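Beneath this line is the structure, given in structure tokens, with notes to follow.
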């Protein structure tokens, strides 16, 4: 009845081969006169979702998370992950080979400085590290005279005999009715950010796809084409992309406003620019150190700074915002059908984490507009819900019984990208669960109701989501919210609500609102909606004020809510939100779901 077409549940961690692969890597390093090697989970664009051929960290260690970093020395090795993966990494790697460490407590460069001998030569692949990363490592390691050595060939690639080929997904033109602005108009605006630079080297495929109004199919769940671009102050931009990705009509449409070249031509073009002493702007977050150094070595002047497209891409135009709202209504109907089905099916037994994920994807596909899911569905029961970025596999798949079920999922539509998390209880909710759930809900409502002046950053709002948890001595180890693209990445910068969110929030930005709480070994709670930053008119206000429009539509599980912990204002917000969910979605769902929805959104 239900099936998954956009995700698999195969356990692709390679634990059994870890010892042999690590031994082979060490032998190759010794052959090259190296004492160690850096292995980030990264491709040449610092993408979150990378092509299979760039999954070097997973190949070596078995860790399959979306963020990680390994350091290999002659007799020791360590892998560093953030708070999302501290539990997951221990279950995926061989602890005898790699020591798992929380990157917030021990940085890779600190560990390397402490464990490598003075004068050690540490190799790295300059295509998968940014210039800033290498400079930071070099500065920190200088005292011990530890040298970083750029390599022409990544030694893992030589050992990985069945390494997948580079992707060649088809590029398509993103229609104007969804983009809301022509590529020529965007290019003209981006050129104003160049100032006294001669050109900008665009290395973030998301920014390139946004700027040129194209989409691709090179990585899972995110419609991007892996490519580079050179945007000059004058003249046509150059797009460096594999010709196999371009159908004749697509090529013809692109050649109207840019020049197409093979990716291999980029190095030569940077060398030529260097010989002319050109000043080129590089994106500090995504540009490979290889490209920065190529220009510098040829006599050019690299200027490493923010991507000029990052902020314009984050501030959605009216067409993109309208698309996001429409996508969330369709998506909310599909999710609500799933929630109604789950509430009836789960208590009967027989469901598993995988079958629930398959059901949700099926409900989304049935609306007829689904292009893909926006990330692998986090379908987590019981103790697995306490792993923030849990990925269910055939090996880990749990039966869903009495207890807490968390589902974090999203979809890709031509007009918008969605991301939503709901936490439900099967059977009665304990007093402890209701208190924890309600404290998370209070944090969610605090963000949703926030009003703040122009210039405020996500870091200044992050504590709003944590206050109710802090009052009980609790917290969570991830940011409260991330930016979201427009039929692009479900995780978009520079906007975010977190302790590190330094970018001022501006009208038109889309972010997630997702506080959580995780009780290791027992359960996890996360409540997520997407919001749009909007202007707020306040009588007598002396400053320009902003707030959030919530665009995700789906009920929260009232069985988990302890209303005595909510203020009258919080109850009013929840009732108004549920009334909107009921009013908007009821015409779009079947009679059975409609009946369930009335009960699920009843006023407190």
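Residue numbers (my numbering): 83 to 686. For each residue, glycine too, the CB sits at the ideal point set by N, CA and C. Treat the numbers as computed from the prediction; the structure is a model and nothing was measured.
**Message:** Taking 7 angstroms as the limit between beta carbons, can you name the residues of its chain near residue 86, skipping five residues before and five after?
**Reply:** Counting from one through the chain shown, the residue named residue 86 turns up at place 4. Contacts found: 439, 440 and 443.
**Asked** In the segment 166-218, which residue ranges form an unbroken beta strand (DSSP E) of at least 3 residues, counting only runs that do not cross its ends?
**Response** 181-184 and 203-206
**Item:** Cβ-based neighbour list, residue 384, same chain, cut-off 7 angstroms, excluding 5 preceding and 5 following
**Value:** Here residue 384 refers to the residue found at position 302 of the chain shown. Cβ within range, chain order: 362, 364, 374, 377 and 378.
**Prompt:** Cβ of residue 474 within 8 angstroms of Cβ of residue 461?
**Reply:** Taking the chain shown and counting its residues from 1, the one referred to as residue 474 is at position 392. Taking the chain shown and counting its residues from 1, the one referred to as residue 461 is at position 379. Yes, they are a contact pair.
**Asked** Does DSSP put residue 529 in a helix, in a strand, or in coil?
**Response** Translated into positions along the chain shown, residue 529 becomes position 447. Reduced to three states, the DSSP call for residue 529 is helix.
**Request:** Could you confirm whether any beta carbon from chain B is found closer than 8 angstroms to the beta carbon of residue 638?
**Result:** Chain labels in this structure do not include chain B; a single protein chain is all it has.
**Item:** Within 8 angstroms, strictly: CB atoms of residue 308 and residue 257
**Value:** Residue mapping note: residue 308 aligns to position 226 of the chain shown, counting from 1. Residue mapping note: residue 257 aligns to position 175 of the chain shown, counting from 1. No; because the gap between Cβ atoms is not below 8 angstroms, this pair is not in contact.
**Asked** According to DSSP, is residue 290 helix, strand or coil?
**Response** In the chain shown, counting from the first residue as 1, residue 290 sits at position 208. The answer is helix: DSSP assigns residue 290 an H, G or I state.
**Prompt:** residue 345: beta carbon under 7 angstroms from a heavy atom of the ligand MN?
**Reply:** Ligands are entirely absent from the displayed structure, and the ligand MN is therefore not among its contents.
**Message:** Please list the terminal residues of the continuous beta strand (DSSP E) segment that includes residue 687.
**Reply:** As shown, the chain starts at 83 and ends at 686. That puts residue 687 outside it, with no answer to give.
**Prompt:** Would you call the CB atoms of residue 71 and residue 611 closer than 8 angstroms?
**Reply:** Absent from the model: residue 71. The displayed extent of the chain is 83 to 686, so no value can be given.
**Prompt:** Beta-carbon separation of residue 236 and residue 369 under 8 angstroms?
**Reply:** What you label residue 236 is simply residue 154 of the chain shown in a count that begins at 1. What you label residue 369 is simply residue 287 of the chain shown in a count that begins at 1. Going by C-beta atoms, residue 236 is not nearer than 8 angstroms to residue 369.
**Message:** One question on the structure: do residue 523 and residue 643 come within less than 8 angstroms of each other, judged by their Cβ atoms?
**Reply:** The residue given as residue 523 occupies position 441 in the chain shown. The residue given as residue 643 occupies position 561 in the chain shown. Yes, they are a contact pair.
**Message:** Tell me which residue opens and which closes the alpha helix (DSSP H) that residue 77 is part of.
**Reply:** Lying outside 83 to 686, the shown extent of the chain, residue 77 is not represented and no answer is given.
**Prompt:** Can you tell me the Cα-Cα spacing of residue 565 and residue 297, whole angstroms?
**Reply:** For this step, residue 565 is matched to residue 483 along the chain shown. For this step, residue 297 is matched to residue 215 along the chain shown. Each residue's alpha carbon lies about 19 angstroms from the other.
**Which of helix, strand or coil DSSP assigns to residue 577** = For this step, residue 577 is matched to residue 495 along the chain shown. Three-state DSSP puts residue 577 in a strand.
**Asked** By how many angstroms is the C-alpha of residue 408 removed from the C-alpha of residue 663?
**Response** Locating residue 663 in the chain shown gives position 581, where the first residue counts as 1. Locating residue 408 in the chain shown gives position 326, where the first residue counts as 1. Distance between the alpha carbons of residue 663 and residue 408: 14 angstroms.
**Message:** Considering Cα atoms alone, identify which of 451, 574 and 544 is closest to residue 394.
**Reply:** Taking the chain shown and counting its residues from 1, one reaches residue 394 at position 312. Closest by alpha carbon: 574.
**Item:** Boundaries of the beta strand (DSSP E) in which residue 313 is found, first to last residue
**Value:** The residue given as residue 313 occupies position 231 in the chain shown. Counting along the chain, the beta strand (DSSP E) containing residue 313 begins and ends at 310-314.
**Message:** Output needed for residue 171: all residues of its chain with C-beta closer than 8 angstroms, excluding positions within five of it in sequence on either side, in chain order.
**Reply:** One-based indexing of the chain shown puts residue 171 at position 89. Counting only Cβ-Cβ distances below 8 angstroms, and skipping sequence neighbours, we find 145, 147, 150, 161, 163 and 182.
**Message:** Let's test the definition: count the other Cβ atoms within 10 Å of the Cβ of residue 514 and tell me whether it reaches 16, buried, or not, exposed.
**Reply:** As a working mapping, residue 514 is identified with position 432 in the chain shown. Exposed, by the Cβ-count rule.
**Message:** What residue range does the alpha helix (DSSP H) around residue 444 cover?
**Reply:** Along the chain shown, one-based indexing puts residue 444 at 362. Looking at the DSSP string, the run of the alpha helix (DSSP H) that includes residue 444 is 435-447.
**Message:** Can you list, in chain order, the residues of its chain with a C-beta nearer than 7 angstroms to that of residue 105? Leave out the 5 residues immediately preceding and following it.
**Reply:** Locating residue 105 in the chain shown gives position 23, where the first residue counts as 1. There are no such residues.
**Request:** Hey, could you find the ends of the alpha helix (DSSP H) residue 92 is sitting in?
**Result:** Counted from its first residue, the chain shown places residue 92 at position 10. Here residue 92 belongs to no alpha helix (DSSP H), and DSSP marks it neither H nor E.
**Prompt:** Thinking just about the alpha-carbon of each residue, which of 647, 673 and 679 is nearest to the one in residue 659?
**Reply:** Position 577 of the chain shown, counted from the first residue, corresponds to residue 659. Considering only alpha carbons, the answer is 679.
**Request:** Report the rounded CA-to-CA distance for residue 580 versus residue 277, giving the unit in angstroms.
**Result:** In the chain shown, residue 580 corresponds to position 498, counting from 1. In the chain shown, residue 277 corresponds to position 195, counting from 1. Roughly 31 angstroms between the two C-alpha positions.
**Prompt:** Across which residues does DSSP place residue 506 in a beta bridge pair?
**Reply:** Locating residue 506 in the chain shown gives position 424, counting from the first residue. Residue 506 pairs with 487.
**Asked** If we count the other Cβ atoms within 10 Å of its Cβ and call it buried at 16 or more, is residue 508 buried or exposed?
**Response** Stepping through the chain shown from its first residue, residue 508 is reached at position 426. Burial call: buried.
**Item:** residue 346 versus residue 631 - alpha carbon distance
**Value:** What you label residue 346 is simply residue 264 of the chain shown in a count that begins at 1. What you label residue 631 is simply residue 549 of the chain shown in a count that begins at 1. So the two alpha carbons sit approximately 45 angstroms from each other.
**Prompt:** Under the three-state reduction of DSSP, which class applies to residue 680: helix, strand or coil?
**Reply:** Sequence index remark: in the chain shown, residue 680 carries index 598 (1-based). Helix at residue 680.
**Prompt:** Counting pairs of beta carbons, one from the segment 494-502 and one from the segment 390-406, are three or more of them closer than 8 angstroms?
**Reply:** yes
**Request:** Look at residue 294 and residue 348 and say whether their C-beta atoms are less than 8 angstroms apart.
**Result:** As a first step, residue 294 must be located in the chain shown, where it is residue number 212. As a first step, residue 348 must be located in the chain shown, where it is residue number 266. Result no, Cβ atoms of residue 294 and residue 348 do not sit closer than 8 angstroms.
**Prompt:** Should residue 304 and residue 131 be called a contact, given that it needs their Cβ atoms to be closer than 8 angstroms?
**Reply:** Counted from its first residue, the chain shown places residue 304 at position 222. Counted from its first residue, the chain shown places residue 131 at position 49. Cβ distance < 8 angstroms, so residue 304 and residue 131 count as in contact.
**Request:** Would you list the residues sitting across from residue 343 in a DSSP beta bridge?
**Result:** Here residue 343 refers to the residue found at position 261 of the chain shown. The partner list for residue 343 (beta bridge, DSSP) reads 322.
**Reference residue 61, options 165, 100, 166 and 465, closest by Cα** = Since the first and last residues shown for the chain are 83 and 686, residue 61 lies out of range.
**Item:** Exposure of residue 559, with buried meaning 16 or more beta-carbon neighbours within 10 Å
**Value:** In the chain shown, the residue the question calls residue 559 occupies position 477. So residue 559 ends up on the exposed side.
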